[in-house]
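There are 2 protein chains.
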Amino acid sequence: MTVTIKDVARACGVHVSTVSRTFSAPHLVNPATRNRVLAAADDLGYRPNRAARALTTGRTFNLGLIVADIANPFFPPLIKAAQAQARGRDYHVFVADTDEDPRVEEELIRTFAKQVDGVLLCSPRLSNRMIERLAEDVPSVLVNRRIKGMPAVLMDVGKGARLALEHLAGLGHRRIALLSGPPGSWTSNEMQAAAAEMPGLDLLFFGPNQPTESGGLAVAPDVAACGATGVLAYNDLVALGLIEGLTAMDVDVPGRISVIGFDDILPGRLGRPKLTTVAMPAAAAGRMAVDLLLQSEGEGAVINLDTDLIVRESTGRANT
Amino acid sequence: MTVTIKDVARACGVHVSTVSRTFSAPHLVNPATRNRVLAAADDLGYRPNRAARALTTGRTFNLGLIVADIANPFFPPLIKAAQAQARGRDYHVFVADTDEDPRVEEELIRTFAKQVDGVLLCSPRLSNRMIERLAEDVPSVLVNRRIKGMPAVLMDVGKGARLALEHLAGLGHRRIALLSGPPGSWTSNEMQAAAAEMPGLDLLFFGPNQPTESGGLAVAPDVAACGATGVLAYNDLVALGLIEGLTAMDVDVPGRISVIGFDDILPGRLGRPKLTTVAMPAAAAGRMAVDLLLQSEGEGAVINLDTDLIVRESTGRANT
DNA sequence: TTGGCTCTGGCAACCGTTTGCAAGGAGGAC
DNA sequence: GTCCTCCTTGCAAACGGTTGCCAGAGCCAA
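Going down the list, the protein sequences come from chains A and B. The first sequence begins at 1327 in our numbering and counts up by one. The second sequence begins at 1327 in our numbering and counts up by one.
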């Protein structure tokens, strides 16, 4: 039924090993023979069987990509870029979703461990210790997480937070609410750390919050009540949920409260008010993470991507 | 390094075939032995090698999922649901993105053909003939595409369009613009077909359009100029882009023009004006498509999912 | 002519599992 | 006690490639 290396070999009167070499070590076969083989293979529609190849070589040419939540608009561009990059290198990528559950995350990594050549851990929620342990079983690259000794692609969340807070300060806001994300989030910690170092601000911390609109919706009453006039949210979804909640309570954004998000996802760019947010280079991160994983040299390489504040309509002058 | 079936066999003094059977045909092995094997396997951390298994059985326990654009918020919930469902049946899923390019789509299907047990073709753009031909090489299930003889999960776009147009008509709109999607889109055809049968409406067709915000942005001038007071857009992204463009031209939505989208994606639910739209059960579709693919009986089964109009803020009374 | 070198391609073992076949043992019916 | 079954397990041949090793051919220099 399916055409194998044997059929190709028979078709042009050579041994299977010659066919094999034509594909995996072309320089070892005579150009004339090689062309005959190539022609026959093309003719028969031969495609090497990846499972068989994986069995002997130990390389599957598959990658695993694990994210907390595919439905969070932050991830799709990252996934898309990673997948495209991998495809260009003849790799396929398994995408999996942990539903923000560290246990699922752990199980997923274990499942992937021996079946892929490497995994991309995007915003993992597991502990450092656990990740280090799991990474012993499979080459891993972190995205938005920093663990000593492990390769990672980071986005400069600290800078983003500083820019955001400076922007708020510049508009006259002093009392500012900081909505953190889920437990275990590196991004959330970075934001908090950066914020804590900003002088002259009166910071209020709320969290942990679900990194979704419902998370934002849920804290809206607290935020409205705390007297803050500016808010820095864990991500755009939280920011949008918050605005939703505030608006429902007749608290105008940005009239009474200014809100800044993180990620620059599509929903924030549409509708009204358009979100002021910190742009995160998700696609670039996906691309570079794949590269990092595949080149494997530069073991502990860490790439730091730039972030930028995009001012839109959800922030305005403080009117105290 | 990695622990194989052999190690487990040695560890409890049985033959490899017994270990194999413990996992793939438990009823064929004595409960006592089975337990010893299970214990040893667990102890050593044994995980069957999928590549090896695939080689002998011909089943990879992998699925392919091909979508036009991962970054279109319509797809992630579908992908997420499909992936979760597959995982529950011990399948992994390769996600791939065609970037709306039929050639990439074809190549992707060919590449997957022999490496997966089946593919999900979500809103494919290829011709019927081509899809039928490719489907000979690999079990396929269509999502949002109807081809005779092939299993499919459809969403009732016709009903959605009718509801939407009736809603507009009920608000007094008579002259209505219909923004179609990309060429090759079944959904787009269904919409048009349903619309064409609605009596008493003055329909204007615009298209094909890119199924993105830019697509909507781009037709905004034409829509504003054509005198329509109601619009049915190919999807929410187009609708949101259109609103964006109209607003920029000082055409109020829904004040002067009412807009209805399709999909009920997140961005439409946030911001202002919130989109009136036809809700599409994307997650259910992903789940059912996987089931359809895996049960494989009921060869040409077609599942028809219901759609519903969700009235929000982008539609209002016609004021002529 | 001979020895040695380089190219090329065949041979066969191996990767980790599955599975048809057969053998051995236990147990039941007679 | 014998025969027949059923249950359990071992044996070995696949599955489709890859790769180390070896041999023959062709070439060159001495």
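Backbone N, C-alpha and C define an ideal beta-carbon position, used for all residues, glycine too.
Can you grab the Cα-Cα spacing for the pair B:S1449 / B:A1574, in whole Å? C-alpha separation (whole angstroms): 31 Å.
Please determine, among B:V1564, B:G1339 and B:S1622, the residue with the shortest C-alpha to C-alpha distance to B:P1399. When only C-alpha atoms are compared, the closest one is B:V1564.
For B:H1418, does the count of other Cβ atoms within 10 angstroms reach 16, so buried, or fall short, so exposed? Under a 10 Å Cβ-count criterion, B:H1418 is classified as buried, with 16 or more other Cβ atoms of the shown protein chains found around its own Cβ.
Is A:A1405 close to chain B? Criterion is C-beta to C-beta, closer than 9 Å. Residue identity differs from the one stated: residue 1405 of chain A is Ile in this sequence, not Ala. A Cβ of chain B is located within less than 9 Å of the beta carbon of A:I1405.
Residue environment, A:R1471, which counts as buried when at least 16 other CB atoms sit within 10 Å: A:R1471 is buried by the Cβ-count criterion.
Of the residues B:S1514, B:M1606, B:G1587 and B:D1482, the one placed nearest B:D1562, counting alpha carbons only: Looking at the Cα atoms, B:G1587 is the closest of the given residues.
Alpha carbon of B:E1431 to alpha carbon of A:A1351, nearest angstrom: Going by the C-alpha atoms only, they are around 29 Å apart.
Would you say B:R1638 lies against chain A (beta-carbon separation less than 9 Å)? For B:R1638, no Cβ of chain A is located within less than 9 Å of the residue's own Cβ.
My guess is that B:L1635 and B:L1558 are in contact by the Cβ rule of under 8 Å, so how many angstroms apart are they, rounded? Taking a contact as a CB-CB distance under 8 Å, the pair B:L1635 and B:L1558 does not count as one, their CB atoms being some 11 Å apart.
Let me know if A:T1555 comes out buried or exposed under the rule of 16 or more other beta-carbons within 10 Å of its beta-carbon. Classification for A:T1555: buried.
List the whole-angstrom C-beta distance separating A:A1358 from A:V1345, where the pair is believed to meet the contact cut-off of C-beta under 8 Å. Between A:V1345 and A:A1358 the Cβ distance is about 14 Å, and since that is not below 8 Å, they are no contact.
Please confirm whether B:T1602 has its beta-carbon closer than 9 Å to some beta-carbon of chain A. Cβ-Cβ to chain A under 9 Å: no for B:T1602.
For B:A1367 and B:E1625, I'd like the C-alpha separation in whole angstroms. In a straight line, the C-alpha of B:A1367 is about 38 Å away from that of B:E1625.
Let me know the secondary structure DSSP gives A:D1634 once reduced to three states. Three-state DSSP puts A:D1634 in a strand.
Residue-level contact to chain B via CB, A:D1368, 9 Å cutoff: No, because no Cβ of chain B sits closer than 9 Å to the Cβ of A:D1368.
Spell out a yes or no on whether the region 1500-1514 of chain A and the region 1327-1342 of chain B are touching, meaning 3 or more CB-CB pairs, one atom from each, closer than 8 Å. Verdict: no, contact absent.
Endpoints, alpha helix (DSSP H) assigned at B:H1341: That residue, B:H1341, is in no alpha helix (DSSP H); it is neither H nor E in DSSP.
Give a yes or no on whether 9 Å exceeds the smallest Cβ distance from A:E1570 to chain B. Nearest CB-CB separation between A:E1570 and chain B: below the 9 Å threshold.
Given a limit of 8 Å on CB to CB distance, which residues of the region 1370-1384 of chain A reach chain B? Residues R1373, N1375, R1376, A1377, A1378, A1380 and L1381.
Which residues of the region 1332-1351 of chain A have a Cβ closer than 8 Å to any Cβ of chain B? Give them in chain order. Here the close residues number zero.
Does the separation of the CB atoms of B:A1627 and B:L1404 fall below 9 Å? Pairing B:A1627 with B:L1404 gives a Cβ-Cβ distance that is not under 9 Å.
Considering only the beta carbon of each residue, do A:M1614 and A:I1629 sit closer than 9 Å? Between A:M1614 and A:I1629, the C-beta gap is smaller than 9 Å, which places the two residues in contact.
Could you round the C-beta distance between A:T1602 and A:D1482 to whole angstroms and report it? I think they count as a contact, below 8 Å. With 8 Å as the limit, A:T1602 and A:D1482 do not qualify as a contact, their Cβ atoms being about 18 Å apart.
Beta-carbon within less than 8 Å of B:P1374's beta-carbon, same chain only, minus the 5 sequence neighbours each way: which residues are those? A distance below 8 Å between beta-carbons, with the five flanking residues on each side excluded, links B:P1374 to the following residues of its chain, in chain order: I1331 and F1349.
Nearest-angstrom Cα distance between A:Y1560 and A:E1433? Pairing A:Y1560 with A:E1433, the inter-Cα distance amounts to about 26 Å.
Collapsed DSSP secondary structure at A:A1365 in the structure displayed: Helix at A:A1365.
Which partner residues does B:C1448 have in the DSSP bridge list? Note: B:C1448 sits in a beta bridge opposite B:V1469.
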